[in-house]
Every structure is written in C-alpha cells, then in structure tokens.
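In this note's numbering, the protein residues as written are 142 to 233. We put the beta carbon where it would ideally sit given N, CA and C, even for glycine.
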Amino acid sequence: MTDSEYYDGIAEQHQAEVMIIHLVLMQCRSGLPHLCLDDAERIIRDAKPRLAILTHFGMTVWRAHPWELAADLTQKLGTEVKAARDGMVLEI
Numbered sequence: 142m143t144d145s146e147y148y149d150g151i152a153e154q155h156q157a158e159v160m161i162i163h164l165v166l167m168q169c170r171s172g173l174p175h176l177c178l179d180d181a182e183r184i185i186r187d188a189k190p191r192l193a194i195l196t197h198f199g200m201t202v203w204r205a206h207p208w209e210l211a212a213d214l215t216q217k218l219g220t221e222v223k224a225a226r227d228g229m230v231l232e233i
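The following block contains the structure:
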C-alpha cells in the first residue's frame with residue numbers, strides 16, 4: 142500500500158496475507174495524502190493480514206522508533222507487525 146490517505150474500504154481493497162504499508166506520519170494531518178499510525182492500525186485490524194510490514198517512514202515515525210511501534214501494534218492487534226529496515230530479508 143503506497144502513499145495514500147485513509148479512505149473507507151482501503152483495508153478491504155488492499156487485503157492480503159502479507160501487507161506492506163507506507164507509514165509516513167505519526168499523527169494524522171488533514172489534507173496530506175499519507176497514512177498515519179492510527180490509519181495503519183485501523184487497516185491492519187480490518188484487513189487481518191498474517192503479517193504487516195511498515196515502511197517508508199517519515200521523520201516523526203523514525204524519531205518514535207518504528208520497531209517499537211511495530212512491537213506495540215503486534216501486542217495490541219495480535220497480528221505480526223514488523224518495521225522494515227534496509228537490507229531486510231523475510232521468508233514468507
């Protein structure tokens with residue numbers, strides 16, 4: 142899921158066993174066509190993937206330590222969520 146603002150039906154439209162989500166913003170900002178952490182959480186909750194990978198971090202996300210955000214989402218949602226990093230390899 143590339144740069145997009147949240148819209149009704151986005152989770153269903155992009156539903157997959159493994160989802161890659163661009164997480165640019167920590168806080169949602171009206172008028173910016175980017176997903177925020179709350180949007181990513183809602184998408185993962187609604188789509189119920191086996192694995193969600195967060196990537197394409199904006200500076201506010203990076204400063205909040207995306208690997209910790211991913212761990213928090215995993216705990217909260219019961220879905221495995223990982224923060225991508227350069228050179229990361231996953232077997233799926």
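Integer Cβ distance of residue 212 from residue 162, believed to fall under 8 Å: Contact between residue 212 and residue 162 is ruled out by a C-beta separation of about 16 Å, above the 8 Å threshold.
Buried or exposed by the 16-neighbour rule on C-beta atoms within 10 Å, applied to residue 174: Flag for residue 174 reads exposed.
Member of 233, 209, 232 whose CA lies at the smallest distance from the CA of residue 224: Comparing C-alpha distances from residue 224 to each of 233, 209, 232 shows the shortest one belongs to 209.
Cα-Cα separation between residue 168 and residue 177, rounded to whole angstroms: If I take the Cα positions, the gap works out to 6 Å.
Straight-line gap, residue 144 to residue 217 (C-alpha atoms, nearest Å): Between residue 144 and residue 217, the alpha-carbon positions lie close to 24 Å from each other.
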